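Read through the structure below, which is laid out as structure tokens, and then see the notes.
There are 2 protein chains.
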Amino acid sequence: MWLMAEGSNEILLKNLILSCDPFMRFLMPKEENPEGFPPYAPGSPITGCGVAEVLESGHPEYKKGDIVCGMTRWEEYSLVHSAQIFCKIQNTDVPLSYYTGILGMPGLSAYASFYELGSPKKGERVFVSAASGAVGQLVGQFAKLMGCYVVGSAESKEKVKLLKNKFKFYEAFNYKEEQDLDAALKRYFPEGIGIYFDNVGGKTVDAVLVNMRPHGRIPICGMISQYNLDQPESIKNMIAVVLKRIQIQGFYVFEHYHLYPKFVEFILPNIKEGKIVYVEDIVQGLENGPAALIGLFKGKNVGKQVVVLAHE
Amino acid sequence: MWLMAEGSNEILLKNLILSCDPFMRFLMPKEENPEGFPPYAPGSPITGCGVAEVLESGHPEYKKGDIVCGMTRWEEYSLVHSAQIFCKIQNTDVPLSYYTGILGMPGLSAYASFYELGSPKKGERVFVSAASGAVGQLVGQFAKLMGCYVVGSAESKEKVKLLKNKFKFYEAFNYKEEQDLDAALKRYFPEGIGIYFDNVGGKTVDAVLVNMRPHGRIPICGMISQYNLDQPESIKNMIAVVLKRIQIQGFYVFEHYHLYPKFVEFILPNIKEGKIVYVEDIVQGLENGPAALIGLFKGKNVGKQVVVLAHE
């Protein structure tokens with residue numbers, strides 16, 4: 158039994174759901190770190206986003222039984238500082254796992270980077286890579302809500318089906334079946350791409366650059382294809398940036414959390430009315446977590462990857 | 158003797174000064190064209206910016222004896238459409254050649270791309286490549302006026318001296334003498350680069366990317382090092398764009414001419430008070446024009462390259 162001093166601001170959590178997110182790769186050694194969280198220490202549980210139940214609380218805002226979302230550790234129970242909690246979950250008529258996905262960091266990533274960095278206009282042509290992933294599936298649906306033409310790429314027949322049938326992308330293709338990515342893009346975007354929402358980096362960016370329309374925008378939310386390479390793939394077509402006055406912009410969701418309330422106000426009704434759907438890839442048990450996390454970098458997940466540890 | 162019908166909108170020019178500009182490379186075959194001017198036709202005089210005297214005019218706004226700046230051809234006399242004239246030169250107490258440089262397209266390029274795309278703030282750290290060129294020398298001086306720390310790179314001892322002594326850059330270096338561009342940048346920017354004003358593209362961009370500060374901006378005004386390569390140099394460090402939330406943006410001066418009056422209002426007093434200086438590389442005679450134009454792509458020019466054909 159823990160005895161937690163009031164005002165200690167420490168909170169004892171029972172972890173319910175853990176989230177597998179690409180940014181976690183940056184917290185592993187030998188990589189440059191974005192500001193924010195310290196790198197993982199070998200031998201200690203890794204940290205990540207998660208949903209948890211409060212067992213004890215030394216902070217007045219949280220009490221036993223609350224369900225919270227925040228940065229926790231990959232273990233059954235975690236003692237965290239209250240600053241690591243993002244929010245207390247009030248709305249429990251959606252799956253709790255949504256708070257690591259559509260209602261969490263990937264959701265806000267899709268929202269802030271598409272609307273703020275992409276500046277989409279009705280009728281624009283949008284291309285999304287890793288389009289069935291945690292962020293991509295939402296960007297595609299946001300683009301449709303805006304009245305944009307949207308095409309997604311993914312790496313399996315199953316995912317392409319999902320893009321077309323579940324998320325209602327106008328078109329989708331399996332990039333692994335395309336010998337020539339440039340030709341594929343010209344087929345789907347004969348008039349060029351207005352916004353390319355990049356989740357993968359590397360050779361996809363290169364093929365996209367020559368197919369962008371003047372004043373096209375490329376919000377870069379991630380470059381998952383590059384995270385495990387010793388040598389990153391190189392980009393040859395940067396000159397297109399000048400020729401077409403393209404804007405490329407990197408994005409880091411933790412700098413956009415001030416938009417979270419506005420985002421929730423936008424997304425919740427859309428979820429409840431079925432206008433936006435969300436697909437998750439759920440594995441059960443902490444012991445299956447590492448394989449799920451590694452699978453993320455190999456594109457094994459179909460939809461947002463989560464690990465369920467326990468139920469309330 | 159020409160007989161020019163009033164309302165024909167044709168104007169007969171005596172060309173006084175021709176301008177050598179990097180964009181002219183794009184008007185030569187086998188390259189993608191930015192919108193705007195048609196590509197050069199082999200066997201015909203090439204077009205370019207210039208200053209000329211009106212000999213006859215079929216447009217009411219221009220009359221014999223006016224000095225104008227606009228798109229003309231590399232020949233002694235040109236018959237042009239009035240739409241090709243940018244402006245009638247009223248202010249003749251500065252060198253007329255300035256209208257192809259500091260008071261022309263390169264000046265507006267420096268102004269619009271530095272202030273609009275670069276969004277500079279006092280105290281920021283600015284790096285300029287091709288820093289003694291037509292645009293670079295101005296960007297450096299604008300940065301100083303803003304209270305920024307500015308370092309320039311160039312490719313000869315003579316140009317480095319010019320940067321330090323004439324344009325008063327804080328520091329300048331000869332990139333050809335640097336074995337390791339990354340190390341050079343770390344030496345001049347131990348705290349990273351806030352704004353990189355790119356005139357050259359290629360490996361310089363690559364070295365800069367890893368030395369950018371978070372939220373750094375890279376306005377790309379040109380990539381002159383790449384224009385004559387069969388294979389463009391590739392960029393390996395694009396992942397820095399995500400890690401540091403960098404903004405890269407291409408620029409095309411002809412889309413910013415609405416800023417020209419505001420720009421002239423800003424630049425003229427600065428020229429007259431000696432707060433901004435401008436260095437030109439002047440060759441005499443049309444016959445020396447082609448070598449001067451080619452020299453531009455080899456970095457032979459010291460300052461803005463112009464060709465003087467005749468005096469008023």
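Residue numbers (our numbering), protein chains in the order written: chain A, 158 to 469; chain B, 158 to 469. Every residue gets a Cβ at the ideal spot worked out from N, C-alpha and C, and that includes glycine. Just so it is clear, the structure is predicted and the values come from calculations on it, not from any experiment.
Neighbour flag for residue i against chain B, beta carbons, 8 Å
i	result
F411(A)	no
G349(A)	no
M158(A)	Note that M158(A) scores a pLDDT of 49, beneath 50, so its modelled location is shaky and nothing firm can be said.
P426(A)	no
V362(A)	yes
G379(A)	yes
G358(A)	yes
F408(A)	yes
Local Cβ density within 10 Å of residue i, reported as buried at 16 or more and exposed below that
i	result
G431(B)	exposed
R402(A)	buried
T249(B)	exposed
L302(A)	exposed
I451(B)	exposed
F284(B)	buried
E281(B)	buried
F346(B)	buried
K316(A)	buried
S481(B)	As displayed, chain B neither begins before 158 nor continues past 469, which places residue 481(B) out of reach and without an answer.
E233(A)	exposed
G442(A)	exposed
Q388(A)	exposed
L386(A)	exposed
F411(A)	exposed
R230(A)	buried
D146(B)	No statement about residue 146(B) is possible, as the shown extent of chain B runs from 158 to 469 and does not include it.
S165(A)	exposed
G446(B)	buried
M158(A)	Unreliable positioning characterises M158(A) in this predicted model, as indicated by a pLDDT of 49, which lies under 50. A coordinate reading is not provided.
G222(A)	exposed
Q247(A)	exposed
E469(B)	exposed
P179(B)	buried
G359(A)	buried
A448(B)	exposed
E218(B)	exposed
A291(B)	buried
K455(B)	exposed
CB-CB length for residue i against residue j, believed under 8 Å
i	j	result
I405(B)	I375(B)	5 Å
G258(A)	V421(A)	13 Å between Cβ atoms; not a contact.
F326(A)	V308(A)	6 Å
M369(A)	I396(A)	Their Cβ separation, rounded to whole angstroms, is 12 Å, which puts M369(A) and I396(A) out of contact at 8 Å.
S286(B)	S310(B)	5 Å
I439(B)	S254(B)	7 Å
G407(A)	S289(A)	Not quite, the Cβ-Cβ distance comes to about 23 Å (not below 8 Å), so this is no contact.
V211(B)	I168(B)	6 Å
N356(B)	G379(B)	5 Å
CB contact check: residue i to chain A, cutoff 8 Å
i	result
I405(B)	yes
K401(B)	yes
P195(B)	no
V398(B)	yes
S391(B)	yes
M395(B)	yes
Q441(B)	no
V336(B)	Note that residue 336(B) corresponds to Gln in the displayed sequence, not to Val. Chain A contact via Cβ: absent.
Check: At which residue ranges does the stretch 294-329 of chain A contain complete beta strand (DSSP E) runs of 3 or more residues, listed in the order of the chain?
Finding: 306-311
Notebook entry, point to check: Got a sec: which bits of the stretch 280-300 of chain A sit with their beta carbon under 8 Å from any beta carbon on chain B, in order along the chain?
Noted result: Here the close residues number zero.
Check: Using a Cβ cut-off of 7 Å, which residues of the stretch 232-265 of chain A contact any Cβ in chain B, in chain order?
Finding: none
Notebook entry, point to check: What are the residues of the stretch 452-466 of chain A that lie near chain B, defined by any Cβ-Cβ distance shorter than 7 Å?
Noted result: none
Checklist line | Those runs of the alpha helix (DSSP H) which lie wholly inside the stretch 352-413 of chain B and span at least 4 residues | finding: Restricting attention to alpha helix (DSSP H) runs no shorter than 4 residues, the stretch 352-413 of chain B encloses them at 360-366 and 396-400, ordered along the chain.
Note to self: At 3 residues or longer, what runs of the beta strand (DSSP E) sit wholly inside the stretch 201-255 of chain B?
What the structure shows: Counting only runs of 3 or more, we get 204-214, 224-230, 234-238 and 242-245.
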